[in-house]
Amino acid sequence: MKSFPIGGVHPSENKLSREQAIEVLALPDTVTVLLSQHIGAPAVAKVAKGDKVLTGQLIAEAGGFVSSNIHSPISGTVTAVDLVVNGAGLRQPAITIKREGDEWAEGIDLSKEVVRECKLEPKEIIAKIQAAGIVGMGGATFPAHVKLSVPPGKKAEFLIINGVECEPYLTSDHRVMLERGEELLAGVTILAKALGVEKSYVGIENNKPDAIAHLQKLVASFAGIEIVPLKVQYPQGGEKQLIAAITGREVPSGALPIDVGAVVQNASTAVAVYEAVQKNKPLIERVVTVTGKSVKSPKNLLARVGTPISTLLEAAGGLPEDARKVINGGPMMGRAMVNLDAPVTKGTSGVLVMSGEEAERQPASQCIKCAKCVSACPMGLEPYLISKMSRRQMWEPLEAERIADCIECGCCMFTCPANLPLLDYIRLGKAKVMGIMRARAAAQKK
Amino acid sequence: MDKKLIVAPSPHVHGPESTQRIMRDVLIALAPALVVSVIVYGWTTLLVTAVSVLSCVLFEYLIQKYLIKGPSTIGNLSAVVTGVLLAFNLPASIPVWIVVIGALVAIGIGKMTFGGIGKNPFNPALVGRVFLLISFPVQMTSTAFSTEKLADVCSGATPLAFVKEGLKGGTPASELMAQINYGDLLLGFKAGSFGEVAALLLLVGFAYLLIRKVITWHIPVAVLGSMAVFSGILFLINPEAYMSPLFHLLTGGAILGSVYMATDYSTSPMTTKGMLIYGAGIGVITMLIRTWGAYPEGMSFAILIMNAVACLLNKYIKPRRFGAKK
Numbered sequence: 007m008k009s010f011p012i013g014g015v016h017p018s019e020n021k022l023s024r025e026q027a028i029e030v031l032a033l034p035d036t037v038t039v040l041l042s043q044h045i046g047a048p049a050v051a052k053v054a055k056g057d058k059v060l061t062g063q064l065i066a067e068a069g070g071f072v073s074s075n076i077h078s079p080i081s082g083t084v085t086a087v088d089l090v091v092n093g094a095g096l097r098q099p100a101i102t103i104k105r106e107g108d109e110w111a112e113g114i115d116l117s118k119e120v121v122r123e124c125k126l127e128p129k130e131i132i133a134k135i136q137a138a139g140i141v142g143m144g145g146a147t148f149p150a151h152v153k154l155s156v157p158p159g160k161k162a163e164f165l166i167i168n169g170v171e172c173e174p175y176l177t178s179d180h181r182v183m184l185e186r187g188e189e190l191l192a193g194v195t196i197l198a199k200a201l202g203v204e205k206s207y208v209g210i211e212n213n214k215p216d217a218i219a220h221l222q223k224l225v226a227s228f229a230g231i232e233i234v235p236l237k238v239q240y241p242q243g244g245e246k247q248l249i250a251a252i253t254g255r256e257v258p259s260g261a262l263p264i265d266v267g268a269v270v271q272n273a274s275t276a277v278a279v280y281e282a283v284q285k286n287k288p289l290i291e292r293v294v295t296v297t298g299k300s301v302k303s304p305k306n307l308l309a310r311v312g313t314p315i316s317t318l319l320e321a322a323g324g325l326p327e328d329a330r331k332v333i334n335g336g337p338m339m340g341r342a343m344v345n346l347d348a349p350v351t352k353g354t355s356g357v358l359v360m361s362g363e364e365a366e367r368q369p370a371s372q373c374i375k376c377a378k379c380v381s382a383c384p385m386g387l388e389p390y391l392i393s394k395m396s397r398r399q400m401w402e403p404l405e406a407e408r409i410a411d412c413i414e415c416g417c418c419m420f421t422c423p424a425n426l427p428l429l430d431y432i433r434l435g436k437a438k439v440m441g442i443m444r445a446r447a448a449a450q451k452k
Numbered sequence: 058m059d060k061k062l063i064v065a066p067s068p069h070v071h072g073p074e075s076t077q078r079i080m081r082d083v084l085i086a087l088a089p090a091l092v093v094s095v096i097v098y099g100w101t102t103l104l105v106t107a108v109s110v111l112s113c114v115l116f117e118y119l120i121q122k123y124l125i126k127g128p129s130t131i132g133n134l135s136a137v138v139t140g141v142l143l144a145f146n147l148p149a150s151i152p153v154w155i156v157v158i159g160a161l162v163a164i165g166i167g168k169m170t171f172g173g174i175g176k177n178p179f180n181p182a183l184v185g186r187v188f189l190l191i192s193f194p195v196q197m198t199s200t201a202f203s204t205e206k207l208a209d210v211c212s213g214a215t216p217l218a219f220v221k222e223g224l225k226g227g228t229p230a231s232e233l234m235a236q237i238n239y240g241d242l243l244l245g246f247k248a249g250s251f252g253e254v255a256a257l258l259l260l261v262g263f264a265y266l267l268i269r270k271v272i273t274w275h276i277p278v279a280v281l282g283s284m285a286v287f288s289g290i291l292f293l294i295n296p297e298a299y300m301s302p303l304f305h306l307l308t309g310g311a312i313l314g315s316v317y318m319a320t321d322y323s324t325s326p327m328t329t330k331g332m333l334i335y336g337a338g339i340g341v342i343t344m345l346i347r348t349w350g351a352y353p354e355g356m357s358f359a360i361l362i363m364n365a366v367a368c369l370l371n372k373y374i375k376p377r378r379f380g381a382k383k
């Protein structure tokens with residue numbers, strides 16, 4: 007079974023909602039659409055308080071090339087364009103809309119019929135994806151059109167679809183692959199055409215045999231797509247890890263996937279691409295896993311962007327009594343939330359509720375030099391060392407120890423027998439060192 | 058909101074590993090060998106082990122409480138492991154008061170002086186053992202090894218000491234070898250520090266440690282492999298003057314040292330490449346001492362010497378970075 011070359015851990019999978027079919031969540035009365043729900047510049051609002059909007063209508067325009075358009079997830083009246091508190095407790099600009107019915111903008115095809123054939127030119131495809139505001143839906147929310155616009159001098163050789171879903175608990179991509187397999191593969195064909203690549207791979211972790219079998223059956227009628235089962239090992243779905251697992255090529259330090267000829271898109275993103283190109287449907291809804299050991303009925307909900315997280319929790323039986331931590335995303339890389347009224351964004355793959363026992367960290371003791379973090383690191387770094395150096399603010403040696411390569415997957419901290427907060431310090435050190443590196447690069451340019 | 062939520066950075070889950078669990082696994086791995094020692098040498102072995110463990114734990118507790126003035130660390134069981142390993146390095150006939158001194162040196166000087174677990178550069182149990190070996194040579198060396206139950210085995214000397222004397226006296230190695238039964242070596246029917254004796258059960262413990270992922274194969278295999286290569290070359294050159302590789306691997310502290318002492322976390326390198334170099338160094342130094350040194354056994358000294366090199370190996374030997382050319 008294929009896997010990435012070094013390190014990794016195997017956390018308990020806890021895919022509680024794997025058997026739950028995608029359920030369409032009732033439309034919320036109001037939505038809060040953040041203007042920054044992607045990596046890059048925030049979008050610029052194109053509507054004002056009091057404006058009437060339709061579902062799928064453009065309400066905010068990309069604020070640059072690395073940015074993304076935003077569309078109204080419901081129809082109704084704009085009640086505010088103002089700062090709101092996001093999940094992390096920080097203030098962020100957002101458009102708030104009060105719902106009146108569900109009237110879609112013109113030109114959006116809502117039929118269920120799958121249209122495989124796409125006659126558009128690569129440039130037109132990318133333009134449509136850009137217009138529809140598609141971003142990476144695995145959580146990193148990198149604008150899809152940027153990855154598809156291969157810079158001059160570089161060549162895409164493979165398209166890799168990330169259906170790994172290596173985060174414990176999350177099942178949204180799993181359900182999408184099972185229930186929307188044909189659209190997904192049609193999306194893959196469109197993405198491959200946009201990139202001009204002959205070969206596409208869909209990488210799926212082997213704990214989803216039903217999804218692997220289903221797509222393997224469907225793929226017979228598509229050209230140039232291969233389904234690749236992968237070993238269940240975290241972080242198999244890390245972009246660099248996935249490329250190495252499937253192609254054997256390792257993205258060098260500081261380089262991008264395109265430097266080894268690879269472009270990676272998430273499985274749900276491929277479906278969104280299909281909808282954008284074939285159905286003119288912008289990215290305004292997504293599947294969100296609502297889960298946790300004490301959640302009454304863990305679910306996979308198709309929710310409109312902007313729906314409050316609390317509404318999703320209600321739909322899954324309400325916030326459990328013993329809830330002490332609510333995580334936006336999975337347990338390995340997700341972010342703990344302070345504000346449960348914060349909205350679903352394009353990158354919200356799951357909402358995970360943890361009870362007190364799970365949520366609390368064990369007290370840290372002394373490092374016993376067991377080297378488990380070194381063997382767990384999928385980037386071949388020495389977490390015990392760079393964590394200590396970060397604490398001591400040794401920026402120069404940290405750069406030499408390649409702290410900038412850290413993907414913040416959390417394997418080191420997961421495995422540490424002394425419960426040391428290794429990644430906490432490494433994150434601080436990485437941010438500082440990358441700042442120094444950027445400043446130096448900027449100074450050299452001048 | 059009516060409930061306060063915990064906000065902390067990811068990861069939000071932790072694996073099953075803990076320091077205590079690791080130390081408990083080491084103790085479980087050592088248990089079968091202890092049982093065999095009791096069968097071979099009698100109940101005194103149990104007494105020596107109990108005294109060693111209790112004094113190690115007590116000294117760590119007292120030093121932590123009154124000198125370092127920090128929270129107690131005995132709960133992580135590492136002092137228990139040091140106690141068992143120290144006992145395994147002693148002959149069963151050793152007076153109890155010497156064991157207590159050994160424990161004080163092991164924990165006091167070998168471990169707590171540097172700040173306790175994870176910070177000591179030298180293996181504490183070996184610091185204790187070597188201190189005793191130099192201070193109490195009579196009680197620690199071959200003549201004092203108890204073989205009441207097996208009076209005929211190698212006339213009371215350890216196989217290594219017996220062979221060393223024999224070779225020095227001009228007896229051909231093949232003749233000495235004829236007096237040695239490999240089955241006895243494997244099962245523990247021989248003279249020795251009592252933890253060294255049962256090669257087979259120590260290997261069972263090794264398998265357990267590998268399954269539980271407490272240690273990796275690198276250090277033990279590098280130590281035993283380099284010993285085998287070294288002694289194999291000498292044996293091929295002149296089988297009348299040198300003992301066979303199998304003899305070397307099954308005697309003395311070869312297995313106890315390579316599996317349980319050389320792999321001590323804080324005194325061994327952090328990278329697999331470093332571990333291989335470190336292990337090979339231990340094997341070669343052990344064989345140099347066994348072949349040409351004054352002592353019949355050199356495992357303890359070899360490990361302590363390579364302990365001193367471990368930090369250099371950590372500094373200069375880096376793991377294979379992702380994306381680096383293979």
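These protein sequence lines are chains R and A, in that order.
Residue 7 is where the first sequence starts when you use the working numbering, and the numbers rise one by one after that.
Residue 58 is where the second sequence starts when you use the working numbering, and the numbers rise one by one after that.
The beta carbon of each residue, even a glycine, is placed where N, CA and C say it ideally should be.
Since this is a predicted model, take the numbers as computed values, not measurements.
Counting only Cβ pairs nearer than 8 angstroms, list the residues of chain R close to residue i.
i: Ser323/A; result: Ile374, Lys375
i: Ile79/A; result: Ile374, Cys376, Pro423
Using a C-beta to C-beta distance shorter than 7 angstroms, which residues of chain R count as neighbours of residue i?
i: His275/A; result: What His275/A touches in chain R: nothing, since even the nearest Cβ is about 10 angstroms away.
i: Thr102/A; result: The premise fails here: Thr102/A is roughly 28 angstroms from chain R at the closest Cβ pair, so nothing lies under 7 angstroms.
i: Thr328/A; result: Val380
i: Asn295/A; result: Neighbours of Asn295/A on chain R: none; closest Cβ ~40 angstroms, over 7 angstroms.
Which residues of chain R have a Cβ atom closer than 9 angstroms to the Cβ of residue i, listed in chain order?
i: Arg377/A; result: Pro11, Ile12, Gly386
So residue i contacts chain A; which residues on that side make the cut at Cβ distance below 9 angstroms?
i: Gln368/R; result: His71, Ser75
i: Lys246/R; result: Phe379, Gly380
i: Pro174/R; result: Val70
i: Ser259/R; result: Arg378, Phe379, Gly380, Ala381
i: Val15/R; result: Gly72
Can you list the residues of chain A that residue i reaches, using a CB-CB cut of under 7 angstroms?
i: Arg330/R; result: Leu62, Ile63
i: Val270/R; result: The contacting residues do not exist; Val270/R stays about 15 angstroms from chain A at best.
i: Ile333/R; result: His69
i: Ala322/R; result: Here the premise fails: no neighbours, minimum Cβ distance about 17 angstroms.
Would you grab the beta carbon distance between residue i and residue j for me? Rounded to a whole angstrom, and I think it's under 8 angstroms.
i: Val257/R; j: Asp265/R; result: 6 angstroms
i: Cys412/R; j: Leu387/R; result: 6 angstroms
i: Phe228/R; j: Thr253/R; result: Wrong, their Cβ atoms sit about 20 angstroms apart, outside the cutoff.
i: Ala90/A; j: Asn146/A; result: The Cβ separation is near 12 angstroms, so there is no contact.
i: Arg105/R; j: Thr38/R; result: Going by Cβ atoms, the distance from Arg105/R to Thr38/R rounds to 12 angstroms, so no, they are not a contact pair.
i: Leu429/R; j: Glu414/R; result: 6 angstroms
i: Ala100/R; j: Leu31/R; result: At roughly 20 angstroms, the Cβ-Cβ gap does not stay under 8 angstroms, so Ala100/R and Leu31/R are not in contact.
i: Val72/R; j: Val156/R; result: In fact, because the Cβ distance is near 15 angstroms, the residues do not count as touching under 8 angstroms.
i: Asn168/R; j: Gly243/R; result: 6 angstroms
i: Lys502/R; j: Tyr98/A; result: Missing from the structure shown is residue 502/R; chain R here goes from 7 to 452 and no further.
i: Gly69/R; j: Ala49/R; result: 6 angstroms
i: His69/A; j: Pro128/R; result: His69/A to Pro128/R, Cβ: 41 angstroms. No contact.
Does residue i come within less than 8 angstroms of chain B when only Cβ atoms are used?
i: Thr139/A; result: Among the protein chains in the structure shown, which are R and A, there is no chain B.
Taking C-beta pairs closer than 8 angstroms, name the residues in chain A that residue i reaches, listed in chain order.
i: Gly416/R; result: Ser67, Pro68
i: Phe420/R; result: Pro68, Val70, His71, Gly72
Name the residues in the stretch 169–203 of chain A whose C-beta lies less than 9 angstroms from a C-beta of chain R; which are they? Gly172, Gly173, Ile174, Gly175, Lys176
ask   = Does the stretch 103–122 of chain A come within contact of the stretch 163–180 of chain A, defined as at least 3 CB pairs closer than 8 angstroms?
value = yes
Discussion item. Quick test of the definition: if touching needs 3 or more C-beta pairs under 8 angstroms, does the stretch 139–157 of chain A touch the stretch 285–303 of chain A?
Written reply: no
Exercise. Check distances from the C-beta atoms of the stretch 53–73 of chain R to those of chain A and list, in chain order, the residues that come in under 8 angstroms.
Key: none
Is it true that the stretch 88–103 of chain A meets the stretch 276–286 of chain A, where meeting means three or more beta-carbon pairs spaced less than 8 angstroms apart?
no
Q) Closer than 9 angstroms, Cβ to any Cβ of chain A: which residues of the stretch 336–359 of chain R, in chain order? A) Gly336, Pro337, Met338, Met339, Gly340, Arg341, Ala342, Met343, Val344, Asn345, Leu346, Asp347, Leu358
* Asked: For the stretch 350–371 of chain A, which residues have a CB atom closer than 7 angstroms to at least one CB atom of chain R, in sequence order?
  -> none
Runs of beta strand (DSSP E) lying entirely within the stretch 186–249 of chain R, each at least 3 residues, in chain order: 205–211, 231–236
In chain order, what are the residue ranges of uninterrupted beta strand (DSSP E) at least 3 long that sit wholly in the stretch 351–396 of chain R?
356–361
*Does the stretch 363–371 of chain R come within contact of the stretch 186–204 of chain R, defined as at least 3 CB pairs closer than 8 angstroms?*
no
Practice problem: Flag this pair as touching only if the stretch 180–192 of chain R and the stretch 126–141 of chain R have three or more C-beta atom pairs under 8 angstroms; answer yes or no. | Solution: no
Contact list for the stretch 424–441 of chain R against chain A, Cβ threshold 9 angstroms: Ala424, Asn425, Pro427, Leu429, Asp430, Arg433
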